[in-house]
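Q:
Protein chains: 2
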Amino acid sequence: MAELTIGIVQYACGADVDANLQKTMQGIRTTASKGARLVVLQELHRSLYFCQQENTDEFDLAETIPGPTTDQLGALAKELGVVIVASLFERRAAGLYHNTAVVLESDGSIAGIYRKMHIPDDPGYYEKFYFTPGDLGFKPIQTSVGKLGVLVCWDQWFPEGARLMAMAGADMLIYPTAIGWHPDDEAAEQQRQRDAWITIQRSHAVANGLPVISVNRIGHEADPGEGPGALFWGSSFVAGPQGEILWQADTQTETFAVAQIDLDRSEAVRRIWPYLRDRRIDHYSDLTKLYRD
Amino acid sequence: MAELTIGIVQYACGADVDANLQKTMQGIRTTASKGARLVVLQELHRSLYFCQQENTDEFDLAETIPGPTTDQLGALAKELGVVIVASLFERRAAGLYHNTAVVLESDGSIAGIYRKMHIPDDPGYYEKFYFTPGDLGFKPIQTSVGKLGVLVCWDQWFPEGARLMAMAGADMLIYPTAIGWHPDDEAAEQQRQRDAWITIQRSHAVANGLPVISVNRIGHEADPGEGPGALFWGSSFVAGPQGEILWQADTQTETFAVAQIDLDRSEAVRRIWPYLRDRRIDHYSDLTKLYRD
Numbered sequence: 019m020a021e022l023t024i025g026i027v028q029y030a031c032g033a034d035v036d037a038n039l040q041k042t043m044q045g046i047r048t049t050a051s052k053g054a055r056l057v058v059l060q061e062l063h064r065s066l067y068f069c070q071q072e073n074t075d076e077f078d079l080a081e082t083i084p085g086p087t088t089d090q091l092g093a094l095a096k097e098l099g100v101v102i103v104a105s106l107f108e109r110r111a112a113g114l115y116h117n118t119a120v121v122l123e124s125d126g127s128i129a130g131i132y133r134k135m136h137i138p139d140d141p142g143y144y145e146k147f148y149f150t151p152g153d154l155g156f157k158p159i160q161t162s163v164g165k166l167g168v169l170v171c172w173d174q175w176f177p178e179g180a181r182l183m184a185m186a187g188a189d190m191l192i193y194p195t196a197i198g199w200h201p202d203d204e205a206a207e208q209q210r211q212r213d214a215w216i217t218i219q220r221s222h223a224v225a226n227g228l229p230v231i232s233v234n235r236i237g238h239e240a241d242p243g244e245g246p247g248a249l250f251w252g253s254s255f256v257a258g259p260q261g262e263i264l265w266q267a268d269t270q271t272e273t274f275a276v277a278q279i280d281l282d283r284s285e286a287v288r289r290i291w292p293y294l295r296d297r298r299i300d301h302y303s304d305l306t307k308l309y310r311d
Numbered sequence: 019m020a021e022l023t024i025g026i027v028q029y030a031c032g033a034d035v036d037a038n039l040q041k042t043m044q045g046i047r048t049t050a051s052k053g054a055r056l057v058v059l060q061e062l063h064r065s066l067y068f069c070q071q072e073n074t075d076e077f078d079l080a081e082t083i084p085g086p087t088t089d090q091l092g093a094l095a096k097e098l099g100v101v102i103v104a105s106l107f108e109r110r111a112a113g114l115y116h117n118t119a120v121v122l123e124s125d126g127s128i129a130g131i132y133r134k135m136h137i138p139d140d141p142g143y144y145e146k147f148y149f150t151p152g153d154l155g156f157k158p159i160q161t162s163v164g165k166l167g168v169l170v171c172w173d174q175w176f177p178e179g180a181r182l183m184a185m186a187g188a189d190m191l192i193y194p195t196a197i198g199w200h201p202d203d204e205a206a207e208q209q210r211q212r213d214a215w216i217t218i219q220r221s222h223a224v225a226n227g228l229p230v231i232s233v234n235r236i237g238h239e240a241d242p243g244e245g246p247g248a249l250f251w252g253s254s255f256v257a258g259p260q261g262e263i264l265w266q267a268d269t270q271t272e273t274f275a276v277a278q279i280d281l282d283r284s285e286a287v288r289r290i291w292p293y294l295r296d297r298r299i300d301h302y303s304d305l306t307k308l309y310r311d
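Just so you know, the protein sequences line up as chains A and B, in that order. Those letters in the first sequence? Residues 19 to 311, per this note's numbering, in order. Those letters in the second sequence? Residues 19 to 311, per this note's numbering, in order.
1. Shorter than 8 Å from the beta carbon of B:L182 to some beta carbon of chain A?
2. In whole angstroms, what is the alpha-carbon distance linking A:K96 and A:V120?
3. Roughly how many whole angstroms lie between the Cα atoms of B:G142 and B:W175?
4. According to DSSP, is A:K165 helix, strand or coil?
5. In whole angstroms, give me the CA-to-CA distance for B:S127 and B:A186.
6. Check this for me: beta carbons of B:I218 and A:A225, under 8 Å apart or not?
7. Between the C-alpha atoms of B:T49 and B:A93, what's the straight-line distance to the nearest angstrom?
8. Using 10 angstroms around the beta-carbon of A:T82, count the other beta-carbons present and answer buried if the total reaches 16, otherwise exposed.
9. Please return the same chain residues whose Cβ sits closer than 8 Å to the Cβ of A:R212, not counting the five positions on each side in sequence.
10. Nearest CA to the CA of A:E178: which residue from B:I279, B:L305, B:E61, B:R109?
11. With a threshold of 8 Å between beta-carbons, can B:M190 be considered close to chain A, or not?
12. For the region 266 to 295 of chain B, list every residue whose C-beta sits within 8 Å of some C-beta in chain A, in sequence order.
13. In chain order, what residues of the same chain lie with their CB nearer than 7 Å to the CB of A:A277, ignoring the 5 residues before and after it?
14. Measure the Cβ-Cβ separation of B:T271 and B:V233 and say whether it is below 8 Å.
15. Got a sec: which bits of the region 35 to 63 of chain B sit with their beta carbon under 9 Å from any beta carbon on chain A, in order along the chain?
16. Compare the C-alpha of A:G113 against each of A:T74, A:D139, A:P84, A:T88 and name the closest.
17. Taking only beta-carbon positions, decide if B:P194 is within less than 8 Å of chain A.
18. Check whether the Cβ of B:H131 lies closer than 8 Å to any Cβ atom in chain A.
19. Please return the same chain residues whose Cβ sits closer than 6 Å to the Cβ of B:L182, not counting the five positions on each side in sequence.
20. What's the C-alpha gap between A:R295 and B:D280?
21. Return the Cβ separation of A:A188 and A:K165 in integer angstroms, given the expectation that the two are a contact with Cβ distance under 8 Å.
22. Counting only beta-carbon separations shorter than 8 Å, does B:A214 have a partner in chain A?
23. Should B:G261 go down as buried or exposed, given a rule of 16 or more other Cβ atoms within 10 Å for buried?
24. What residues are listed by DSSP as bridge partners for B:E239?
25. If you measure between the beta carbons of A:T87 and A:Y115, is that distance less than 8 Å?
26. Would you list the residues sitting across from A:T343 in a DSSP beta bridge?
27. Using CA coordinates, which residue listed in B:L22, B:E21, B:C171, B:Q28 is at the minimum distance from B:R235?
28. From which residue to which residue does the beta strand (DSSP E) around A:H116 run?
29. Taking the CB atoms as reference points, tell me whether B:E76 and B:Y148 lie closer together than 8 Å.
30. Taking the continuous alpha helix (DSSP H) assigned at A:A223, which residues delimit it?
31. At a CB-CB cut-off below 8 Å, which residues of chain B make contact with A:P138?
32. Do you know offhand how far A:D173's Cα is from B:I290's?
33. Taking CB distances under 8 Å as the criterion, tell me whether B:H301 reaches chain A.
34. Who does B:A257 pair with in a DSSP beta bridge?
35. For B:A104, name the three-state secondary structure that DSSP assigns.
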């Protein structure tokens, strides 16, 4: 058994970005003290989810990579000897910003970055205003704990991203996330949405024979405008390579927890479910179209 | 609401192929009498699941399309005014056989066929011996009840097939299936497998905003050789376009049942979850490779 202990840091962000970073670092310390060697943070953990409105002032939240947050998280990664998957609002140039995941190696260096490829845009989630779609493609990041297939939030709804990471040798799929309910939606709709979110990510584990780690924030965040705000549903989870839930947080509790994955399971599962053997690549070329019309 | 009533025919096959066909036709009549306008049959419903061993004599089970079974099912489709998705062992030529789904229109004609594209092969499921992988690609079949994205069993594990059907305008995804447990597997493994099977198919609903209909057989079928046979797990189900389970059979009961889907829901769901808008086709070209090495 090649066991790896994963740390999950799920909490409610506030308006004070420094306080959020302190909370993040507290979560990393706590999970490291429980044995975590890889710690996964929620999406855009440094701030409130500012995409509830389109406001040019919010670009002030962005920072370079490397930059002040990667410096602090890198130092902590080195101190604790852990790998950290962080999620930052990246300022690449004036007028060019990305929603970027940064992987910090346990020696404090930056192992690599992933720029969110699929960008959502719907009422309360105006991400296309803030983030240019990533230009780095779907490339896993090599670390001392494995090759990490890091994707971000909206990517989780696209089987293509997960598949391309698996095909490039990812040992696991990782989704920092910020997703919540519209507080006015009825309970049945809220349940369908959360269930769909869990189901689609578990399916990437199944289709690719890989563990999946998904970390989401909690808490209600008010809309700076007229809307009802967003109620982030937490439910961070870890699934094994058959899509089986190995560990899951609830919808509203601050959670600095660890879960185990067994990296040897993928080999065994892919022997009984050898989907990579049977893909019909001779008939897949239309996947590079938007629609077959 | 554009409601469509689906008939599901789940039962245990026996050695007598004529008796199986009578059972199938009884199931079609029963579900039609309950209001079904589209009836979906389980995979290879005309016979026992003969792929438990490699035996050239089993090719005697194959038939042409059109052929005796499509004649009988076509006549029944016309009599009852229903569309039928059947699944047959197709003899295309000497030495060339397919695992083929046939869609019979309510006027008795053949609306179209789909030849199973992804062919499994593992102990007890020696399908690569019997079935040449389909050469028709992933094309939905137009009928009077909608454009049917018909796929077959092993296809259900591949997000690519579901996506290509959705991109070609399918109104729903349909999976005739024959899948079961290895009787010697421990209960936890059996549960993981069935859960994964449900999860991956629900995920195609989610990813594509389409209803999914999956029909599986039940019953234990002895292995003609030395093996413990296969215990088919039934669990036929219908899911809505958010992946929500609308109806599900159990693992062991003969079930001639109906379930409703609302074809207008896909429009509403795709407006709130517009994944087709955001696919990164500029970075998907490697999906036509087997592996990215």
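Note that the Cβ used here is the ideal one computed from N, Cα and C, for glycine as well.
A: In brief:
1. yes
2. 15 Å
3. 18 Å
4. strand
5. 22 Å
6. yes
7. 16 Å
8. exposed
9. W199, W251, S253, T269
10. B:L305
11. no
12. I290, W291, P292, Y293, L294
13. I24, I26, V256, L264, W265
14. no
15. none
16. A:T74
17. no
18. Correcting the residue identity first, residue 131 of chain B is Ile in this sequence and not His. For B:I131, the answer is no, since every Cβ of chain A falls outside 8 Å of its Cβ.
19. F156
20. 36 Å
21. 5 Å
22. yes
23. buried
24. B:A248
25. no
26. The structure shown has nothing for residue 343 of chain A, since chain A only spans 19 to 311.
27. B:Q28
28. 114 to 122
29. yes
30. 205 to 226
31. D296
32. 16 Å
33. yes
34. B:V230, B:I263
35. strand
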